[in-house]
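In this note's numbering, the protein residues as written are 1 to 330.
Single-structure report; data block below.
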Ligand code: UT7
């Protein structure tokens, strides 16, 4: 028996900076080329913040759109959850700054940190608060400004990353044909060093030396992450289909973490999902970490690729190592 209330998506939004960083731009900065990047990743360009823009700029843009689409005002919210690994500042949480920018007072606001799986973790937290009856309207944001921790001298990582945000307003519903019907979260901490930023925390406090050694940038074991990613994305799709008793025909769209087109196609091919049922916008934005899935979902909605009545699978993996999925009836 399903538990009610459930969390339904009432509004979606996205936030992207105007500035484009194309493969041609990267060719001028690094020993790389458009053909290699396109063939190995599917990425053609990414968006990058300009001076004066930050995590909160993108988050608030996405949040305002989601709130407007939900037909409510920010004052109607009961909780704000922000998933990010690139906070506005080390202290306080980004969610509190977003709350202030939205002009709301008093409601709880906190961050969730699970890298590229962050939005799925945040969505699960928001959904749980609704299912227990504690809150009725929850804003969940996934946002990252990865350009702030990308080493533009490292061709193994810098070609992948971009900046972006997406948001959803969750509302309580008793409609059994609607809502987040399944979530799944996992982590394998022994793989923490597959993708990490060595300095800036308590293990290695920021110093002139850590800055000179470029230790504030993302270090990644690309091939190891690739193998992990394909395995976990396949596992997530299998879990979502099985737990919700769905076939590929029942699913209208898979919205995967926009990480690498080859990872996305390898994972979805295993279940014979046709590419028309797999939403891809990695060519325009690259990997925006916690922003990736909600940005793609918001764009899919705006383009009419998904709409009321659609059954959607979300799947993501990332640093931690973490992996997470959800099945949503819109
Ligand atoms: O959410 C964060 C999670 N991160 C990921 O999911 C990343 C997962 N990994 C990947 O997407 C891929 O491993 C990469 C796109 C990072 C790399 O692609 P790959 O097919 O695994 O390439 P590789 O690292 O095996 O390198 C193949 C060759 C090497 O040259 P040699 O040794 O064969 O001569 C590299 O030096 O390609 C070279 N190479 C490049 N060439 C041009 C590596 N990066 C580049 C580059 N441009 N940017």
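Every residue gets a Cβ at the ideal spot worked out from N, C-alpha and C, and that includes glycine.
Every value quoted in this text rests on a predicted model; they were computed, and no experiment measured them.
C-beta atoms of residue i and residue j nearer than 8 Å
| i | j | result |
| --- | --- | --- |
| residue 120 | residue 321 | no |
| residue 31 | residue 24 | no |
| residue 295 | residue 166 | yes |
| residue 143 | residue 291 | yes |
| residue 159 | residue 115 | no |
| residue 22 | residue 299 | no |
| residue 136 | residue 171 | yes |
| residue 188 | residue 204 | no |
| residue 183 | residue 305 | no |
| residue 26 | residue 69 | no |
| residue 74 | residue 104 | yes |
Three-state secondary structure (DSSP) of residue i
| i | result |
| --- | --- |
| residue 322 | strand |
| residue 116 | helix |
| residue 184 | strand |
| residue 307 | coil |
| residue 315 | strand |
| residue 103 | coil |
| residue 16 | coil |
| residue 200 | coil |
| residue 227 | helix |
| residue 329 | strand |
| residue 210 | helix |
| residue 295 | helix |
| residue 247 | coil |
| residue 233 | helix |
| residue 268 | helix |
| residue 91 | coil |
Buried versus exposed, by CB contacts within 10 Å (16 or more), residue i
| i | result |
| --- | --- |
| residue 247 | exposed |
| residue 50 | exposed |
| residue 287 | buried |
| residue 163 | buried |
| residue 39 | exposed |
| residue 17 | buried |
| residue 256 | buried |
| residue 192 | exposed |
| residue 329 | buried |
| residue 336 | Shown here, the chain extends from 1 to 330; a query on residue 336 therefore has no answer. |
| residue 60 | buried |
| residue 87 | buried |
| residue 212 | exposed |
| residue 223 | exposed |
Per DSSP, cross-strand counterpart(s) of residue i
| i | result |
| --- | --- |
| residue 287 | 161 |
| residue 382 | The first residue shown for the chain is 1 and the last is 330, placing residue 382 beyond what the model contains. |
| residue 108 | Beta-bridge pairing links residue 108 to no other residue. |
| residue 220 | 195 |
| residue 256 | 315 |
| residue 6 | 173 |
| residue 278 | 254 |
| residue 205 | The partner list for residue 205 (beta bridge, DSSP) is empty, contrary to what the question assumes. |
| residue 98 | Note: residue 98 sits in no beta bridge, so no partner. |
| residue 11 | 169 |
(message) Give the list of continuous beta strand (DSSP E) stretches no shorter than 3 residues that lie fully inside the stretch 130 to 182.
(response) The stretch 130 to 182 contains these whole beta strand (DSSP E) runs: 137 to 145, 163 to 173.
(message) Extract the residue ranges of the beta strand (DSSP E) inside the stretch 19 to 87, only unbroken runs of 3 or more that lie entirely within it.
(response) Runs found: 20 to 22, 45 to 47, 79 to 83.
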